[in-house]
Structures are given as structure tokens and as C-alpha cells.
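Colleague: Protein chains in written order, with our numbering: chain U, 955 to 1205; chain X, 955 to 1205. Heads up, the beta-carbon is just placed ideally off N, CA and C, and yes, glycines get one too. The structure is given below, and queries will be raised subsequently.
Number of protein chains: 2
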Amino acid sequence: MAAQRGEGDGVVTSPEAPADVRERARAIPEAAVARLAVYLRVLSGMVEQGVTTISSEELAGAAGVNSAKLRKDLSYIGSYGTRGVGYDVEVLVSHIERILGLTRKHSVAVVGIGNLGHALANYGGFPSRGFPVAALFDIDPDLTGVPVGGIPVNHIDDITSVCAEREVSIGVIATPPQAAQAVCDRLVSAGVQCILNFAPVVLQVPDYVEVRKVDLAVEMQILSFHVARRADEAAGDVVNGIGVDGVVIRP
Amino acid sequence: MAAQRGEGDGVVTSPEAPADVRERARAIPEAAVARLAVYLRVLSGMVEQGVTTISSEELAGAAGVNSAKLRKDLSYIGSYGTRGVGYDVEVLVSHIERILGLTRKHSVAVVGIGNLGHALANYGGFPSRGFPVAALFDIDPDLTGVPVGGIPVNHIDDITSVCAEREVSIGVIATPPQAAQAVCDRLVSAGVQCILNFAPVVLQVPDYVEVRKVDLAVEMQILSFHVARRADEAAGDVVNGIGVDGVVIRP
DNA sequence: TACCGCTTGTGAACGCTTGCACAAAGTCGG
DNA sequence: CCGACTTTGTGCAAGCGTTCACAAGCGGTA
Ligand SMILES: NC(=O)c1ccc[n+]([C@@H]2O[C@H](COP(=O)([O-])OP(=O)(O)OC[C@H]3O[C@@H](n4cnc5c(N)ncnc54)[C@H](O)[C@@H]3O)[C@@H](O)[C@H]2O)c1
Ligand SMILES: NC(=O)c1ccc[n+]([C@@H]2O[C@H](COP(=O)([O-])OP(=O)(O)OC[C@H]3O[C@@H](n4cnc5c(N)ncnc54)[C@H](O)[C@@H]3O)[C@@H](O)[C@H]2O)c1
């Protein structure tokens, strides 16, 4: 029973630890990993602009974080900056790519080729970043064989063989919520250990499977919470200030 | 200059604080808010199944979290459980909805009606959860006037008037990355204070605007990191492991 | 009414993240 | 070659968020 973000499994810290890149990777906080991916994107843009060197302050600004945090994040992956100068953009890019495992291609399978699945299959941003979409699956027989984004849709029943054959390492679930757990189970038995889930359900997976979820309704509700909080604050301010009248929204 | 998740602004804690729901909302950690949204979804499912009462243990299981965490999260919004029994599902639903501000409708505008924008506009899950899609915008003249998901697309230049007229409170950016900052600026000047951004860029917004980003490439890369870490561990274990036994590779 | 068993709500400890502040380390101009 | 200036890398402290553990409270039962 390890559900989303199941972090707390007691993996033993190996007793003999050569302070090595391998071991270092283990120590990187998940929050830092997410930011590294953002830095990488910003840096890629810099490369295209012909920038060769960048300071922590500049990069932090472009990535929307504190520069101290940025330096700490980079320190997790090693010391590749030059004091007094900054970081060599290309060097940094290659080190982040190495740490994130982007030196290797990760084939992606999308399951559920409906509204969202179509958009994902047609999206050029994945292949270009080292995540080729290698397989598409749906349960609808009318869809099987139809090419979407250049790849023919397979029937969900062929998931095991097709995933194995195409070495799928990441599964994306874009089916209706009712089907998501079943699809997830099939992906897992097909050997997929990383899952990106768009369906609004909490997936149950074995400990060794990594699940990340993208839940738009939750995002919306978080925004809604902030709207409400803000409205309450404004109301509160008015109450503390003058009478009960005001509809003073932001300037 | 406050970028994504700009939390650390020195908002003054109002001097006279009646330990009231309003004030309480301020104290809820963001992480807890996200989980409350998940609990809400699970509970909604429970209501449909006719469940009237649920214990923290059960709900925690269904939501994929620790039961202590769940109770603490619920304690942020007040004490609505019955010791020895559990929580009344409907009561809990209504309290969470109130805290998340879901008693009010939040109109959504989607900008950029391409692959992703179409999927979002056609998605039934938003309206049904209190987030009616009230406006669609694109820069492409061929699209303006064309109805997508029942709503005609407006031209981006009309964003200010249309947003005001339809009381849009949440803006969704689904344009290419190059256009995202400009679109964001226009949404902000149109009075939109909450933005959900799908474009892979770091948006710069004023402090009072709340931005959440959904960055699929980052999600993929986090998964990739775990794949890599796992591979390294396996390699490491074998090297270290021949001597030290602990060869707990994956089952 | 008094007791018992169950579940909540929460104080306190713990651990992870963040942010500060500064020594170390490098560059560059002279 | 030296000294001034810039920027990194990191020890440390503060702040959050998570988890533990248990007293308090409630319903059911005799
Ligand atoms: N469309 C969006 O913008 C959007 C936004 C947020 C969340 N989501 C979520 O993403 C998921 C997909 O949304 P959608 O709008 O694309 O739905 P959709 O109904 O358009 O597409 C679902 C597809 O999944 C297929 N499917 C159903 N059961 C299957 C199974 N067992 N195995 C394989 N394929 C199966 C269907 O044939 C269909 O093609 C849903 O869970 C939805 O809640 C969608
Ligand atoms: N499609 C996906 O599955 C997917 C996945 C992850 C991220 N994204 C991101 O979401 C965004 C949209 O992706 P997409 O595949 O839908 O792209 P798309 O090219 O299909 O659609 C973009 C739309 O935005 C419109 N547009 C361009 N400039 C505009 C402007 N200034 N104002 C208003 N509209 C404008 C275009 O006319 C087009 O209709 C991109 O930033 C992409 O990186 C998409």
C-alpha cells in the first residue's frame, strides 16, 4: 500500500558510501529535482540565445527563485561554477541532464486517446525533450489502427507486448477516472515503473512504482481557495476599518 | 517581482484577530489545501455511494495519505468529527467546500485554443465542479467566432472587456511559450488574479496574482530522475552487494 | 449511571527546506 | 605578482510540514 508520492519507505542507506555521483543523486531533495528541471529549461533557452556564462543571481531571476536556493540546488549535483564568474551554461546543462537521467531516452506510452490523449500525442514538446511517444492505447476499437500524431493507436489488450517491445518506461494515463486504476495495474504488470496520471483518482501502486499526478481540478480549487481567502481578508479589513459596506478588491 | 508561488510577501497579520474562520483560512498550509481538494473528491464519491460516515483511517486510505496527516489537515478547518465514530461525510464535504471557496462559482477563461485548449474547453470536469468555462481566446482570426465546447472563441484583443463582462476569475494559459508572458500580462490587466499556466515558462506577475503552473516536461523529468536513480542504485547494489549481500532488487 | 472501547484532535518531537551570511576561491586590472 | 572585486559553495539557524502518541470525548452497553 503505497499511494502517490509514497516517500516513506524505509530504504536502507547503504553502509559503505563512496561519495560518488550515484550516491549523491539519492540525496537530492525532490523539491530540488523539480527546480533543476526548470533551471534546465531556462538554461536551454540561454544556450539558444548564445549566452555562455550565467551567474546564480541571473539564473535565479529567470527561474523565479531565490539565488541562495539556486546555488544550494546546484551544489547537490556538484560544484561546477567558477567563483567570481558564474556558471558555464553548457557545462551546467550537461550536468543537470545527467542527473535527471536525460542522457537516456525514455519512451512514453499514452493510454486513453480522447480529448487529452490527442493533445498529448500531438504535442511536439515531449519528443524534443527526450521523451519520444512510442505507443498509444485505447479501448475503443474504432480508434485502434488510427494514427494520432504519427503513431497508430493500439488496443489496450496489447499493452504488455507492445510496451515490452518498445521499451516503454513512462506510462501516461488519460482515461476516464473509472478506468484509471485498471489501466494503471496493466501498465505496472507490463513493467512500467513510472506513471503520470491525469485522471482524478488516487492510484494504488506497489512501492517500487513512481506515480505523479496532474490534477487540474485540484489546481483550480487551490486557486479558488486563494480567491476566497483574499475576499475574506478584504471583508475582514473593511470590518476592522469602517462598516460592512466595502467591495474593495485589489488596486 | 514575485514569480510563481510567491509566498513570502510580508502581509501584515491583522492586529485584532477574532479566532474566526476567516483568520483560520490564512493559517492553512498550501500543501494541506491541495490535500483538502483530494479529500473532497474522495468524499464526493462516498456520498454517491451512500456512505454517511467515515473514519479518518478509511478516508486517509482512500486519499493515499497518513491518517494523522488527514486529521491534522481537517483540524485546520475546524473540528467536525465525532470521537468514537468518525466524520459525517456530508458535513465534511460542505465545510471543505466552504474553505476552498467552492460555494461561489469561478468563471474560467482559456487562452490559446490549440491542441490543449481544445481539450480543456471540451472537458466536462470543470463546469461540473463549479468552474464554468466562460470565455475562450485565441490570436488566430480563423478561430474567432468558432464555437469550441459550446463557447465561441473571442479574439485575444477583446480579452479585457470580455473578462470583465463575464466576471472571469481564473485565467488558463495554453498558448505557445513565447506568447505566455504577454498573455499573462493582458490577463492581469484585465483584472484576473488567478492563473493556471500550461506553457513551459516562468511567468512574472505582481505579488497579488496567484500563479500555478502545470509543467508536463518537468513531471516527465522528475520521473526520469527516479528511473535514473533506480538504475544507479541497482548498479551500486550489485557492486556493493556482492560483498554485503543486501541484494534487494525489485520484486 | 458507570464503564468500555473506539476515534478524534492536538501538543510536541522530528526532519526536511529555506534563507542568511560569510569565508573561500577565482578573475581581472594594474 | 598583487590586491581588489566578484561570485560561489556551505555551515547554521529559523521556519514549515509531517508524524507520533496519547488524553479527551463520545456512543453504546449493562
Ligand atoms: N480533457 C481535459 O482537458 C482534461 C482535463 C483534466 C483532466 N482530465 C482527465 O483526463 C482523463 C481523460 O480526459 P478526456 O477529456 O481525454 O476524456 P475522453 O473521454 O475524451 O477520453 C477518454 C479516452 O479513454 C478511452 N478509454 C476508456 N476506458 C479505457 C480503458 N479501460 N483503457 C484504455 N482506454 C480507455 C476512451 O475510449 C476515450 O478515448 C479523464 O480522467 C479526465 O478527468 C481531462
Ligand atoms: N498539447 C499538449 O499536450 C501540451 C502538453 C504540455 C504542455 N503544453 C503547452 O501548452 C501550450 C499549448 O500547447 P498546444 O499543443 O495546445 O499548442 P498549439 O500550438 O496547438 O496551440 C496554441 C494556440 O495558441 C494560440 N496563440 C498563439 N499566440 C497567442 C496569443 N498571443 N494569444 C492568444 N492565443 C495565441 C495559437 O493560435 C494556437 O491556437 C504550449 O505552451 C505547450 O508547450 C501542451
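Could you check what DSSP says for X:Leu-1056 in three-state terms: helix, strand or coil?
Modeller: Within the second sequence, numbered from 1, the residue matching residue 1056 of chain X stands at position 102. Coil at X:Leu-1056, not helix or strand.
Colleague: Please classify U:Pro-1130 as buried or exposed, where buried requires at least 16 other C-beta atoms within 10 Å of its C-beta.
Modeller: Numbered from 1 along the first sequence, position 176 holds the residue referred to as residue 1130 of chain U. Exposed, since its Cβ has fewer than 16 Cβ neighbours within 10 Å.
Colleague: With a cut-off of 6 Å, give the chain-ordered residues whose Cβ is closer than this to any heavy atom of ligand 1.
Modeller: This criterion selects U:Val-1065, U:Gly-1066, U:Ile-1067, U:Gly-1068, U:Asn-1069, U:Leu-1070, U:Gly-1071, U:Phe-1091, U:Asp-1092, U:Ile-1093, U:Asp-1094, U:Ile-1110, U:Ala-1128, U:Thr-1129, U:Pro-1130, U:Pro-1131, U:Ala-1133, U:Ala-1136, U:Val-1137, U:Phe-1152, U:Ala-1153, U:Pro-1154, U:Leu-1170, X:Ala-1073, X:Leu-1074, X:Tyr-1077 and X:Gly-1079.
Colleague: Please confirm if U:Ala-951 has its CB atom under 8 Å from at least one CB of chain X.
Modeller: Because chain U is modelled from 955 through 1205, residue 951 of chain U falls outside the range shown and cannot be assessed.
Colleague: Does the pairing of the region 1112–1127 of chain X with the region 1053–1066 of chain X give three or more beta-carbon distances under 8 Å?
Modeller: Yes, they touch.
Colleague: In angstroms with no decimal places, state the Cα-to-Cα distance between X:Glu-1051 and U:Leu-1046.
Modeller: Locating residue 1051 of chain X in the second sequence gives position 97, where the first residue counts as 1. Locating residue 1046 of chain U in the first sequence gives position 92, where the first residue counts as 1. Straight-line Cα distance between these residues: approximately 45 Å.
Colleague: Would you say X:Leu-1013 and X:Tyr-1030 are within 8 Å of each other, going by their C-beta atoms?
Modeller: On the second sequence, residue 1013 of chain X is found 59 positions in, with the first residue counted as 1. On the second sequence, residue 1030 of chain X is found 76 positions in, with the first residue counted as 1. No, the pair does not count as a contact, with Cβ atoms beyond the cut-off.
Colleague: Would you mind working out which of X:His-1049, X:Leu-1054 and X:Val-1156 sits nearest U:Ala-1185, comparing C-alpha positions?
Modeller: Translated into the one-based positions of the first sequence, residue 1185 of chain U becomes position 231. Checked all of X:His-1049, X:Leu-1054 and X:Val-1156; the closest Cα to U:Ala-1185 is X:Leu-1054.
Colleague: Counting beta carbon pairs with one atom in the region 1027–1042 of chain X and one in the region 1095–1108 of chain X, are three or more of them shorter than 8 Å?
Modeller: Contact between the region 1095–1108 of chain X and the region 1027–1042 of chain X is absent, because fewer than three Cβ pairs lie under 8 Å.
Colleague: Tell me, which residues are paired with U:Lys-1167 by DSSP?
Modeller: As a working note, residue 1167 of chain U is residue 213 in the first sequence. In the DSSP output, where bridge partners are listed per residue, U:Lys-1167 has U:Asn-1151.
Colleague: If you compare alpha carbons, which of X:Val-1005, X:Gln-1003 and X:Ile-1067 is closest to X:Val-1137?
Modeller: One-based indexing of the second sequence puts residue 1137 of chain X at position 183. When only C-alpha atoms are compared, the closest one is X:Ile-1067.
Colleague: Note down, in chain order, every chain U residue with its Cβ under 8 Å from the Cβ of X:Ile-1053.
Modeller: Along the second sequence, one-based indexing puts residue 1053 of chain X at 99. Those within 8 Å of X:Ile-1053 in chain U are Phe-1179 and Ala-1182.
Colleague: Could you compute how far the alpha carbon of X:Ala-1118 sits from the alpha carbon of U:Pro-1154?
Modeller: The residue labelled residue 1118 of chain X in the question sits at position 164 within the second sequence. The residue labelled residue 1154 of chain U in the question sits at position 200 within the first sequence. Their Cα atoms are separated by approximately 31 Å.
Colleague: Can you name the start and end residues of the beta strand (DSSP E) that U:Tyr-1041 belongs to?
Modeller: Locating residue 1041 of chain U in the first sequence gives position 87, where the first residue counts as 1. Note, U:Tyr-1041: beta strand (DSSP E), 1040–1042.
Colleague: Would DSSP call U:Ala-1063 helix, strand or coil?
Modeller: Along the first sequence, one-based indexing puts residue 1063 of chain U at 109. Correct three-state label for U:Ala-1063: strand.
Colleague: Please confirm if X:Cys-1138 has its CB atom under 8 Å from at least one CB of chain U.
Modeller: By one-based count along the second sequence, residue 1138 of chain X stands at place 184. Not one chain U Cβ lies under 8 Å of X:Cys-1138.
Colleague: Determine whether the Cβ of U:Arg-976 lies closer than 8 Å to any Cβ atom of chain X.
Modeller: Indexing the first sequence from 1 puts residue 976 of chain U at position 22. Model confidence at U:Arg-976 stands at a pLDDT of 48, short of 50, so the residue's coordinates are unreliable; what they give is reported in the following sentence. Cβ-Cβ to chain X under 8 Å: yes for U:Arg-976.
Colleague: Does the Cβ-Cβ distance between U:Val-987 and U:Val-1043 come in under 8 Å?
Modeller: One-based indexing of the first sequence puts residue 987 of chain U at position 33. One-based indexing of the first sequence puts residue 1043 of chain U at position 89. No; because the gap between Cβ atoms is not below 8 Å, this pair is not in contact.
Colleague: Please work out which residues of its chain come closer than 6 Å, Cβ to Cβ, to X:Ser-1048, disregarding the five sequence neighbours upstream and downstream, and give them in chain order.
Modeller: For the purposes of this step, residue 1048 of chain X is taken as the residue at position 94 of the second sequence. Cβ neighbours of X:Ser-1048 beyond the five flanking positions: none.
Colleague: Under the assumption that U:Asn-1069 contacts U:Ala-1089 (Cβ atoms under 8 Å), give the Cβ distance between them as a whole number of angstroms.
Modeller: Mapped onto the first sequence, residue 1069 of chain U falls at position 115. Mapped onto the first sequence, residue 1089 of chain U falls at position 135. Going by Cβ atoms, the distance from U:Asn-1069 to U:Ala-1089 rounds to 19 Å, so no, they are not a contact pair.
Colleague: Looking only at its chain, what residues have a beta carbon closer than 8 Å to the beta carbon of X:Leu-1074, apart from the 5 residues adjacent to it on each side?
Modeller: Within the second sequence, residue 1074 of chain X is the residue found at index 120, counting from 1. These residues qualify, in order along the chain: Val-1064, Phe-1080, Val-1087, Val-1126 and Ala-1128.
Colleague: For X:Pro-1106, which residues does DSSP report across the bridge?
Modeller: The residue given as residue 1106 of chain X occupies position 152 in the second sequence. In the DSSP output, where bridge partners are listed per residue, X:Pro-1106 has X:Pro-1101.
Colleague: Given a cut-off of 8 Å on the beta-carbon distance, is the pair U:Gln-1147 and U:Glu-1121 in contact?
Modeller: By 1-based counting over the first sequence, the position of residue 1147 of chain U is 193. By 1-based counting over the first sequence, the position of residue 1121 of chain U is 167. Cβ distance not < 8 Å, so U:Gln-1147 and U:Glu-1121 don't count as in contact.
Colleague: Just mark X:Val-996 as buried or exposed, buried being the case when its beta carbon has 16 or more other beta carbons within 10 Å.
Modeller: In the second sequence, residue 996 of chain X corresponds to position 42, counting from 1. So X:Val-996 counts as buried.
Colleague: So, with DSSP's three-state summary, where would you put U:Gly-1035?
Modeller: Translated into positions along the first sequence, residue 1035 of chain U becomes position 81. Correct three-state label for U:Gly-1035: strand.
Colleague: Whose Cβ in chain X lies nearer than 8 Å to the Cβ of U:Pro-1154?
Modeller: The sequence position of residue 1154 of chain U within the first sequence is 200, counting from 1. Within chain X, the residues near U:Pro-1154 are Arg-995 and Gly-1079.
Colleague: In whole angstroms, what separates the C-alpha of X:Arg-976 from that of U:Met-1174?
Modeller: Against the second sequence, residue 976 of chain X aligns to sequence position 22. Against the first sequence, residue 1174 of chain U aligns to sequence position 220. Legend: pLDDT at X:Arg-976 = 49, less than 50; position of this residue unreliable, no value from coordinates given.
Colleague: Quick one: is U:Gln-1175 near chain X, going by C-beta distance under 8 Å?
Modeller: Indexing the first sequence from 1 puts residue 1175 of chain U at position 221. By this cut-off, U:Gln-1175 is an interface position.
Colleague: Could you tell me whether any Cβ in chain X is nearer than 8 Å to the Cβ of U:Ile-1121?
Modeller: The count along the first sequence starts at 1 and reaches residue 1121 of chain U at position 167. A quick correction: the sequence has Glu, not Ile, at residue 1121 of chain U. Judged by the 8 Å Cβ criterion, U:Glu-1121 is not in contact with chain X.
Colleague: Who are the Cβ neighbours of X:Val-1142 in its own chain at under 7 Å, not counting the five residues just before and after it?
Modeller: Reading the second sequence from its first residue, position 188 is the one you call residue 1142 of chain X. Excluding positions up to five away in sequence, the list reads Val-1159, Pro-1160 and Val-1163.
Colleague: What do you get for U:Val-1172, buried or exposed, if any count of 16 or more other CB atoms within 10 angstroms of its CB means buried?
Modeller: Residue 1172 of chain U sits at position 218 when you count from the first residue of the first sequence. Flag for U:Val-1172 reads buried.
Colleague: State yes or no: is the beta carbon of X:Glu-1002 nearer than 8 Å to at least one beta carbon in chain U?
Modeller: Against the second sequence, residue 1002 of chain X aligns to sequence position 48. False, the Cβ-Cβ gap to chain U never drops below 8 Å.
Colleague: Measure the C-alpha to C-alpha separation of X:Gly-1145 and U:Ala-1188 and round it to an integer number of angstroms.
Modeller: One-based indexing of the second sequence puts residue 1145 of chain X at position 191. One-based indexing of the first sequence puts residue 1188 of chain U at position 234. Their backbone Cα atoms lie some 16 Å apart in a straight line.
Colleague: On a CA-only basis, which of X:Arg-1140, X:Arg-1183, X:Ala-1134 and X:Ala-1182 is nearest X:Lys-1167? Give me that one, please.
Modeller: Here residue 1167 of chain X corresponds to residue number 213 of the second sequence, with the count starting at 1. Of the candidates X:Arg-1140, X:Arg-1183, X:Ala-1134 and X:Ala-1182, the one whose C-alpha sits nearest the C-alpha of X:Lys-1167 is X:Ala-1134.
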